[in-house]
Amino acid sequence: MAKEKCSQIEALYYLIARFLQSGPCKKAAQILIEELEEYELVPQRWSWDGKIFKRSFQDWVALNQHIPADYLLQVCRRIGPLIEKEIPPSVPGVQTLLGLGKQSLLRTTKCTHKVCCGSAVAALHRGRPPEPPVVIGNAPNVPVMGARQATGTARFGQVLPSSSYQHMKIHKRILGHLSSVYCVAFDRTGRRIFTGSDDCLVKIWATDDGRLLSTLRGHLAEICDMAVNYENSLIASASCDKVIRVWCLRTCAPVAVLQAHAASITSIQFCPAAKGTKRYLASTGADGMVCFWKWHSHSMKFDQPVKFVERSRPGVQVSTSSFSSGMFMATGGTDHMIRVYYLGAETPVKASELDAHTDKVVVVQFSNNGDLRFVSGSRDGTAKIWHFQQQEWKSITLDMTARLPTAAANGDDKTKLVVTMVAWDRIDSTVITAVSNYMLKVWRATSGQLLHVLSGHDDEVYVLEAHPFDPRIMLSAGHDGNIYIWDLSKGVKIRNFFNMIEGQGHGAIFDCKFSADGQHFSCTDSHGHLLIFGFGCSRPYEKIPDQMFFHTDYRPLIRDSNNYVLDEQTQQAPHLMPPPFLVDVDGNPHPPKYQRLVPGRENCKEEQLIPQLGYMANDGELVEQVLGQQTAENGESLLDNLIRQLQNEQDEAEVVASSPGAEPRRSGQVDGVWQMQHNSLRSQVATERDLLAWSRRVVVNEVPHGTFRVLEECRQAKSDMECSLYNAERRKKQEAEQAERSDGSSEDEARWQSESSSDSSSEYSDWTADAGINLQPPKRPTRRPVRPAGYSSSEEEEGGDETKEAKKRENEKKKKPKETKQKPTSSLAGLNAEEWLPPSWIMDTIPRRSPFVPQMGDELIYFKQGHQAYVRAVRRAKAYSVNIQKQPWNRLNLRDQESVKVVGIKYEVGPPTLCCLKLAFLDPVSGKMTNESFSLYHDMPDVIDFLVLQQFYNEAKERNWQP
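Printed below as a string of structure tokens:
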């Protein structure tokens with residue numbers, strides 16, 4: 001035993017000496033080596049005849065050549081993680097050799113699994129219970145309750161264990177739409193639910209009992225996205241009809257119809273920041289445009305938008321967006337770009353462009369606490385956590401192919417993984433990603449370490465929703481119909497729901513949201529259902545039917561020039577129509593007990609709740625047809641007359657005083673629509689009493705004033721923190737740049753100026769990219785003149801000719817002193833200008849089979865004989881000089897025809913203007929690229945193409961042409 005200890009000491013001395021030799025302390029290493037030899041701590045050697053000889057330190061090193069100089073450092077680095085797996089420290093992730101107590105490397109299993117005593121639970125730090133150490137288990141309920149009684153406070157996780165969420169259950173599944181429902185949202189109080197469907201309707205539901213309260217009509221196409229403002233006064237819905245409609249939540253009156261996009265709208269967001277009465281609504285579209293609509297919280301008027309056109313190439317879409325706590329918004333697009341906009345200036349400005357992904361960016365999500373962090377997910381199989389530092393966005397890459405150390409290898413390694421959704425937990429400590437292999441992965445936000453892999457889904461997951469205040473809880477839902485509640489701290493499943501629809505199989509879950517109080521969450525599915533989940537009793541939901549529609553939901557509408565709408569049959573604005581009848585999906589009216597659930601019918605007599613008309617059509621097509629409504633030419637239907645009569649009876653029963661000071665938009669007096677109402681028949685127009693009665697109706701309540709003031713102050717504080725952090729990092733960047741300029745030479749400055757910064761698009765080069773890796777077309781050059789702060793459509797519309805002429809004259813005055821005559825260069829001397837005109841194939845706008853115009857990523861058949869004929873024609877015409885020795889058939893062993901792929905394009909301005917292609921060989925069997933490639937020039941009129949698209953070549957082979 002003594003010899004073993006002695007050998008370990010000698011080995012330790014050796015490692016210390018080698019470590020000192022490899023570092024700056026070489027004198028200390030020499031002294032240590034001398035002392036080791038002096039005190040005979042270097043192991044002795046034995047000869048073959050049993051004699052003992054002393055060994056020098058150099059001989060010792062030669063004997064242990066397999067031990068590197070930094071071996072001791074590597075051992076120390078590995079000790080910490082190994083011990084942490086067996087005995088977790090009190091602060092996870094902190095690895096130190098000098099720790100004390102439960103952070104010491106000498107800790108034992110006795111340090112773990114201790115139970116909190118009563119005094120530890122009752123302790124307060126600055127008035128709040130401290131975070132319990134990881135190595136200590138959950139405290140028993142009795143000490144927790146005693147500590148809460150003594151101090152009046154307790155940690156949420158101790159009072160409510162995560163197992164409590166097992167008691168959540170489904171309260172009601174309601175069929176309220178005729179098509180898939182892709183959007184659901186709660187209001188800021190959590191008492192109202194909004195659904196937006198492919199049937200072009202937005203509906204408002206009561207959270208507490210599931211009643212249908214109102215239907216917002218007006219859209220012509222599917223609802224893409226919805227957003228509720230932070231004042232809880234407006235809801236904005238975006239549609240595939242390129243229109244954003246904004247409604248007042250108090251009265252359901254239309255507030256604004258916003259039209260600026262040229263294609264479907266992909267996302268819509270209200271900005272959390274508030275500058276006096278100025279607010280912003282942001283929208284993105286499939287037209288590659290980002291719009292910021294400024295509106296005023298008192299007047300509810302929307303200005304013309306500030307637009308940013310982000311089409312770096314045709315077909316680019318801005319597909320996703322996310323606001324920070326106030327001053328920043330990030331967007332992701334199909335051009336692989338992430339763009340960050342800053343709203344702290346007078347108008348929104350684009351702050352950065354991040355080109356880090358190699359495929360479409362499908363989702364971006366800012367963190368919750370205003371620390372300028374966001375996560376982006378892409379189809380390239382990675383997610384990136386971005387943080388702002390020194391005026392640059394720096395990222396941590398999360399690779400979806402990563403596995404836990406204890407996980408076994410599976411057969412899906414060769415499958416390309418795609419990120420479908422990302423989310424933060426409530427305190428931003430972890431990031432959750434949904435992957436195309438149906439797994440959820442939980443990552444530590446600060447380091448990118450993979451913590452948990454959550455399995456359970458059988459199809460792709462597009463819904464990840466964090467609990468509003470419990471950082472442990474995350475909800476996921478997918479196209480497999482499963483809804484899971486997860487405990488992120490333990491990486492385990494708490495509760496599972498399956499959306500099984502009787503007689504129709506399962507319904508895919510398309511969206512899901514938590515209420516503000518965390519007591520409910522609601523989901524929408526592919527079959528038009530709204531599902532309400534929550535704690536407590538489901539008895540209030542038993543009083544409503546399973547199918548709820550208004551008989552007016554699908555009535556035709558007429559539109560004015562501003563795209564405001566009227567009901568075609570009654571010539572009234574939809575929000576001013578009397579209370580409709582509640583019907584089922586076939587259009588049959590529900591019994592009177594259900595009709596009382598309609599707002600405005602609570603106090604009607606029972607005989608007044610029974611429609612006198614209604615029949616079932618043979619095929620049951622639409623609600624209005626099922627109710628037997630007549631066309632507008634035949635006049636108002638009997639059912640509508642009955643509704644009108646009931647409403648008049650209710651109005652006559654009470655004396656109503658006139659209110660001339662009502663706001664126009666709150667009472668539905670919208671320009672264009674209001675004029676059309678006055679032009680219609682008196683019997684079809686709402687009376688003044690109707691308008692007054694309905695103007696007092698409140699569909700969605702306001703946030704209590706005290707709560708709203710606290711929330712607004714919190715949002716304002718986060719916005720101020722973001723601004724201060726942004727400005728502080730910008731100053732650091734400027735100071736660093738000034739130091740570089742003062743220390744560096746002019747050559748360094750020129751080189752620095754020529755390089756693109758991290759927040760601008762890098763220039764594309766076909767020749768530096770590896771074949772087959774970077775196949776995206778060239779970006780537009782950054783020197784192209786753009787408006788740095790975006791442009792406002794109001795400036796274009798309102799700007800008169802006089803202003804334009806004045807600006808033109810002003811610009812001419814500025815330019816005149818700088819104008820100088822330049823002599824023609826020697827390279828242009830003696831050449832006709834027509835020779836510099838582009839060839840016809842560049843100017844062609846109609847797609848043709850011949851001549852072939854190459855595109856990045858094209859798969860072609862290359863004909864060697866045709867290329868040789870092309871080179872001979874070039875030499876005969878003396879179009880440009882050709883080096884025969886450098887032609888591909890002289891450098892490579894080419895077959896008569898080769899399968900190739902275009903991996904590089906470069907144009908050389910002539911004359912003549914040439915297209916230089918870089919072609920990578922394709923394996924004819926597997927179709928995958930090989931490591932070989934070659935380059936060639938391509939452009940010569942009246943020469944048969946020697947490059948043919950693969951699909952055209954295959955079509956010609958199938959025809960089996962005979963000579």
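Sequential numbering from 1 applies to the sequence shown in UniProt numbering. Idealized CB from N, CA, C, for every residue including glycine. Remember, predicted model here, so these are calculated numbers, not experimental data.
Rounded straight-line distance, which links the Cα of residue j to that of residue i
i	j	result
glutamate 663	lysine 301	Note that glutamate 663 has pLDDT 34, beneath the 50 cutoff, so the model's placement of it is unreliable and the number below is only indicative. Each residue's alpha carbon lies about 13 Å from the other.
valine 700	asparagine 232	8 Å
glutamate 607	isoleucine 174	27 Å
cysteine 25	valine 61	18 Å
alanine 11	threonine 430	42 Å
residue 965	arginine 128	Residue 965 is absent from the structure shown; the chain starts at 1 and stops at 963.
leucine 914	glutamine 897	23 Å
glycine 528	alanine 573	26 Å
arginine 444	serine 395	14 Å
cysteine 183	threonine 195	6 Å
phenylalanine 549	glutamate 542	17 Å
proline 777	threonine 415	Annotation note: pLDDT 37 at proline 777 (below 50); position unreliable, coordinate value reported separately. Distance between the alpha carbons of proline 777 and threonine 415 is about 26 Å.
proline 589	glutamine 547	11 Å
arginine 876	aspartate 399	55 Å
aspartate 480	histidine 457	7 Å
methionine 329	proline 556	38 Å
serine 47	tyrosine 71	29 Å
arginine 18	lysine 85	29 Å
tyrosine 230	leucine 343	17 Å
serine 762	phenylalanine 852	In this prediction, serine 762 scores a pLDDT of 36, lower than 50, which makes its location untrustworthy; no coordinate-derived value is stated.
lysine 54	glutamine 8	19 Å
Beta-bridge partners of residue i, as assigned by DSSP
i	result
glutamate 392	Gln389
methionine 226	Ser237
threonine 331	Ser321 and Arg339
glutamate 465	Leu475
lysine 384	Ser376 and Thr397
Which listed residue (the options) has its alpha carbon closest to that of residue i
i	options	result
cysteine 224	Ala286, Trp443, Leu249 and His171	Ala286
isoleucine 485	Asn563, Leu454, Asn727 and Arg192	Leu454
asparagine 562	Ala154, Cys916, Ala260 and Tyr182	Ala260
aspartate 923	Cys916, Ile905 and Arg895	Arg895
tyrosine 907	Val900, Lys918, Ser899 and Lys901	Lys918
tryptophan 393	Ala516, Cys252 and Asp371	Asp371
valine 362	Ala466, Gln317 and Val159	Gln317
threonine 266	Val243, Thr251 and His467	Val243
glutamine 868	Leu936, Pro854, Ser724 and Ser162	Leu936
glycine 600	Gly587, Val121 and Leu582	Leu582
glutamate 931	Lys901, Leu947, Asn954 and Leu949	In the sequence as presented, glutamate is not what sits at residue 931; that position holds asparagine. Among Lys901, Leu947, Asn954 and Leu949, the Cα nearest to that of asparagine 931 is on Lys901.
valine 364	Arg191, Gln95, Asp945 and Gly332	Gly332
threonine 334	Asp355, Val349 and Ser322	Asp355
glutamate 40	Asp49, Gln65 and Tyr14	Tyr14
Residue i (DSSP reduced to helix, strand or coil)
i	result
tyrosine 726	helix
valine 900	strand
glutamate 10	helix
alanine 653	A caution first: alanine 653 carries a pLDDT of 46, below 50, which makes its placement in the model unreliable, though a value can still be read off. Note: alanine 653 maps to coil in three-state DSSP.
proline 254	strand
serine 758	Annotation note: pLDDT 36 at serine 758 (below 50); position unreliable, no value reported.
valine 925	coil
glycine 157	helix
histidine 506	strand
Residue i - containing beta strand (DSSP E), residue span
i	result
leucine 440	440-444
glutamate 353	349-354
lysine 294	289-296
isoleucine 33	Here isoleucine 33 belongs to no beta strand (DSSP E); instead the alpha helix (DSSP H) covers 26-38.
arginine 313	Element bounds for arginine 313: n/a, residue is neither H nor E.
leucine 860	859-863
tyrosine 280	278-285
The alpha helix (DSSP H) enclosing residue i, as first and last residue numbers
i	result
glutamine 149	141-151
leucine 72	71-86
Cβ-heavy atom distance, residue i to the ligand GDP, below 7 Å
i	result
valine 202	The ligand GDP is not part of this structure, which contains no ligands at all.
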